[in-house]
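Peer 1: Note that the protein sequences, when read in sequence, are chains A, B, C and D. In terms of the working numbering, the first sequence opens at residue 2 and continues consecutively. In terms of the working numbering, the second sequence opens at residue 2 and continues consecutively. In terms of the working numbering, the third sequence opens at residue 2 and continues consecutively. In terms of the working numbering, the fourth sequence opens at residue 2 and continues consecutively.
Number of protein chains: 4
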Amino acid sequence: MMSEQDRVDSMGDATREKLRQFIARVERLEAEKAELATDIREVYSEMKSFGFDTKVMRKLISLRKQDENERAEQEALLDLYMGALND
Amino acid sequence: MMSEQDRVDSMGDATREKLRQFIARVERLEAEKAELATDIREVYSEMKSFGFDTKVMRKLISLRKQDENERAEQEALLDLYMGALND
Amino acid sequence: MMSEQDRVDSMGDATREKLRQFIARVERLEAEKAELATDIREVYSEMKSFGFDTKVMRKLISLRKQDENERAEQEALLDLYMGALND
Amino acid sequence: MMSEQDRVDSMGDATREKLRQFIARVERLEAEKAELATDIREVYSEMKSFGFDTKVMRKLISLRKQDENERAEQEALLDLYMGALND
DNA sequence: TCGGAAATCAAGACCC
DNA sequence: GGGTCTTGATTTCCGA
Numbered sequence: 002m003m004s005e006q007d008r009v010d011s012m013g014d015a016t017r018e019k020l021r022q023f024i025a026r027v028e029r030l031e032a033e034k035a036e037l038a039t040d041i042r043e044v045y046s047e048m049k050s051f052g053f054d055t056k057v058m059r060k061l062i063s064l065r066k067q068d069e070n071e072r073a074e075q076e077a078l079l080d081l082y083m084g085a086l087n088d
Numbered sequence: 002m003m004s005e006q007d008r009v010d011s012m013g014d015a016t017r018e019k020l021r022q023f024i025a026r027v028e029r030l031e032a033e034k035a036e037l038a039t040d041i042r043e044v045y046s047e048m049k050s051f052g053f054d055t056k057v058m059r060k061l062i063s064l065r066k067q068d069e070n071e072r073a074e075q076e077a078l079l080d081l082y083m084g085a086l087n088d
Numbered sequence: 002m003m004s005e006q007d008r009v010d011s012m013g014d015a016t017r018e019k020l021r022q023f024i025a026r027v028e029r030l031e032a033e034k035a036e037l038a039t040d041i042r043e044v045y046s047e048m049k050s051f052g053f054d055t056k057v058m059r060k061l062i063s064l065r066k067q068d069e070n071e072r073a074e075q076e077a078l079l080d081l082y083m084g085a086l087n088d
Numbered sequence: 002m003m004s005e006q007d008r009v010d011s012m013g014d015a016t017r018e019k020l021r022q023f024i025a026r027v028e029r030l031e032a033e034k035a036e037l038a039t040d041i042r043e044v045y046s047e048m049k050s051f052g053f054d055t056k057v058m059r060k061l062i063s064l065r066k067q068d069e070n071e072r073a074e075q076e077a078l079l080d081l082y083m084g085a086l087n088d
């Protein structure tokens, strides 16, 4: 059986380069995502120091997101119906 | 390193029996679950032969489930507020 | 454009009733399926508190299921052969 | 019992405004975070269509992240030691 | 029937 | 340490 290292060695240079690029892109995006997570945490701690109950706030915001999702779904359903009418 | 077989061999009889029982229970439940999945698929195909658009129907039913979840969440939020009021 | 409500209104009573029944049947079956999923989760947590490694157990059970499927396939193949002999 | 609406009504205007701002900030950040998640998924699907095994790629990237964390820890430890030397 | 997309689920990280 | 969020893996589902 070929080891992973052998497999990498047997890649063409172009493939290896492509691999590096993919990894770099993902890692870049993940780093940005992690930063945003930090920012969000900071906003919550600001809220807390402002006297808001963060647990309630989290719930509230998650509920708003659900509403939004639901609205999107309703629209998707409507689209489905409209598509069905054209059959 | 002990192989899996060795580990089973080294179990006490009681443990081995317990193991068998757990596996039997899970497999029993999974079999029932699989049956239900089959039943559901059959209902959808009945619907289809009745002239309903199953894609629409699936969406509709999933939307109803979401509504239900949302209602539960709203209540959870209300409970949070009520709890917060008691502080 | 016809609103969703209009479409439902324009269904015959019989069709509307049929629709309700289908939805009820699917929701019933899905509720039962969800219960079974809960039961299975509970069995696993029992196993865990009994000292079994649930990850391994899951793997084990899924392997047994695969074997079972293979056996079923073999049997189906056998049936096929036997049928062929009768031709 | 005070209704939720009553509670919001009883807030000062400034507090209410502050609340809105906090919610807007969090929702903004979460939207950006969700976009990044989408971007990452897209990169993976590009990789897949390029012939890479995404499961392996995910593992690889997560290992690199671990290494990075370890390196960071080592450095933190080093800083600690160096600080100690200055005491 | 296959492959991709999405839902589901448990494990791990992380905050309180 | 309890609970929530996130991630990763598995399973499920649909369309081609």
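Cβ atoms here follow ideal geometry from the backbone N, Cα and C, with glycine treated the same way.
(1) Using a threshold of 9 angstroms, state whether the C-beta atoms of L37 (chain A) and E71 (chain B) are closer than that.
(2) To which residues of the same chain is Q75 (chain B) closer than 7 angstroms at the C-beta, ignoring the five residues directly before and after it?
(3) Quick check on the DSSP output: the alpha helix (DSSP H) that includes G84 (chain A) runs from which residue to which?
(4) Is it the case that the Cβ atoms of F23 (chain B) and E43 (chain C) are separated by a distance below 9 angstroms?
(5) In its own chain, which residues sit with a C-beta less than 7 angstroms from the C-beta of Q68 (chain C), not counting the 5 before and 5 after it?
(6) If you draw a straight line from the C-alpha of G52 (chain B) to the C-alpha of K19 (chain C), how long is it?
(7) Classify M12 (chain B) as helix, strand or coil using the three-state DSSP reduction.
(8) Measure the C-alpha to C-alpha separation of E28 (chain D) and G84 (chain A) and round it to an integer number of angstroms.
(9) Would you check if the distance between the CB atom of D40 (chain C) and the CB atom of L30 (chain B) is smaller than 9 angstroms?
(10) Is there a Cβ of chain A sitting closer than 9 angstroms to that of S50 (chain B), yes or no?
(11) Quick check on Y45 (chain B): buried or exposed, where buried means 16 or more other Cβ atoms within 10 Å of its Cβ?
(12) Measure the C-alpha to C-alpha separation of V57 (chain D) and K60 (chain B) and round it to an integer number of angstroms.
(13) Closer than 7 angstroms by beta-carbon distance: list the chain D residues that pair up with D40 (chain A), in chain order.
(14) My understanding is that K34 (chain D) touches K66 (chain A), with C-beta atoms under 8 angstroms, so please give their C-beta distance in whole angstroms.
(15) I want to verify the contact list: residues of chain C whose CB lies under 8 angstroms from the CB of V57 (chain B), in sequence order.
(16) Along chain B, which residues have their Cβ under 7 angstroms away from the Cβ of E33 (chain C)?
(17) Spell out whether any CB of chain A is found under 9 angstroms from the CB atom of N87 (chain B).
(18) If the cut is a Cβ gap below 8 angstroms, which residues of chain B does R26 (chain C) touch?
(19) K19 (chain A) touches chain D at which residues, Cβ-Cβ below 8 angstroms?
(20) Would you identify the three-state DSSP class for F23 (chain A), choosing helix, strand or coil?
(21) I want to verify the contact list: residues of chain B whose CB lies under 8 angstroms from the CB of K60 (chain A), in sequence order.
Peer 2: By the coordinates alone:
(1) Residue mapping note: residue 37 (chain A) aligns to position 36 of the first sequence, counting from 1. Residue mapping note: residue 71 (chain B) aligns to position 70 of the second sequence, counting from 1. Not closer than 9 angstroms, so no.
(2) For the purposes of this step, residue 75 (chain B) is taken as the residue at position 74 of the second sequence. Cβ neighbours of Q75 (chain B) beyond the five flanking positions: none.
(3) Stepping through the first sequence from its first residue, residue 84 (chain A) is reached at position 83. Unbroken alpha helix (DSSP H) run through G84 (chain A): T55 to L86.
(4) As a first step, residue 23 (chain B) is located in the second sequence; it is residue number 22 there, counting from the start. As a first step, residue 43 (chain C) is located in the third sequence; it is residue number 42 there, counting from the start. No, the pair does not count as a contact, with Cβ atoms beyond the cut-off.
(5) Translated into the one-based positions of the third sequence, residue 68 (chain C) becomes position 67. Before going further, note that residue 68 (chain C) is Asp rather than Gln in the sequence given. Once the five neighbours on either side are set aside, D68 (chain C) has no close Cβ partner at all.
(6) The count along the second sequence starts at 1 and reaches residue 52 (chain B) at position 51. The count along the third sequence starts at 1 and reaches residue 19 (chain C) at position 18. Cα to Cα, the separation comes out at about 11 angstroms.
(7) Here residue 12 (chain B) refers to the residue found at position 11 of the second sequence. In the structure shown, M12 (chain B) sits in coil (DSSP, three-state: anything other than H, G, I, E or B).
(8) Position 27 of the fourth sequence, counting from 1, holds the residue named residue 28 (chain D). Position 83 of the first sequence, counting from 1, holds the residue named residue 84 (chain A). Cα-Cα distance, rounded: 32 angstroms.
(9) Residue numbering aside, residue 40 (chain C) sits at position 39 when the third sequence is read from its first letter. Residue numbering aside, residue 30 (chain B) sits at position 29 when the second sequence is read from its first letter. Yes; because the gap between Cβ atoms is below 9 angstroms, this pair is in contact.
(10) Translated into the one-based positions of the second sequence, residue 50 (chain B) becomes position 49. Chain A, which has no Cβ nearer than 9 angstroms to the Cβ of S50 (chain B), makes this no.
(11) Mapped onto the second sequence, residue 45 (chain B) falls at position 44. Counting Cβ neighbours within 10 Å, Y45 (chain B) comes out buried, since at least 16 surround it.
(12) Position 56 of the fourth sequence, counted from the first residue, corresponds to residue 57 (chain D). Position 59 of the second sequence, counted from the first residue, corresponds to residue 60 (chain B). Near 34 angstroms, if we compare the C-alpha coordinates of K60 (chain B) and V57 (chain D).
(13) Taking the first residue of the first sequence as 1, we reach residue 40 (chain A) at position 39. In chain order: L30.
(14) For the purposes of this step, residue 34 (chain D) is identified with residue 33 of the fourth sequence, where counting begins at 1. For the purposes of this step, residue 66 (chain A) is identified with residue 65 of the first sequence, where counting begins at 1. Rounded, the Cβ-Cβ distance is 12 angstroms, inconsistent with contact.
(15) For the purposes of this step, residue 57 (chain B) is identified with residue 56 of the second sequence, where counting begins at 1. Those within 8 angstroms of V57 (chain B) in chain C number zero; the least Cβ separation is about 10 angstroms.
(16) The residue labelled residue 33 (chain C) in the question sits at position 32 within the third sequence. Correct list: L37.
(17) What you label residue 87 (chain B) is simply residue 86 of the second sequence in a count that begins at 1. No, no contact with chain A.
(18) Numbered from its first residue, the third sequence carries residue 26 (chain C) at position 25. Correct list: V44.
(19) If you number the first sequence from 1, residue 19 (chain A) lands on position 18. Those are F51, listed as they occur along chain D.
(20) In the first sequence, counting from the first residue as 1, residue 23 (chain A) sits at position 22. F23 (chain A): helix per DSSP, three-state reduction.
(21) Translated into positions along the first sequence, residue 60 (chain A) becomes position 59. Going along chain B in sequence order, the residues near K60 (chain A) (Cβ under 8 angstroms) are E74, A77, L78 and L81.
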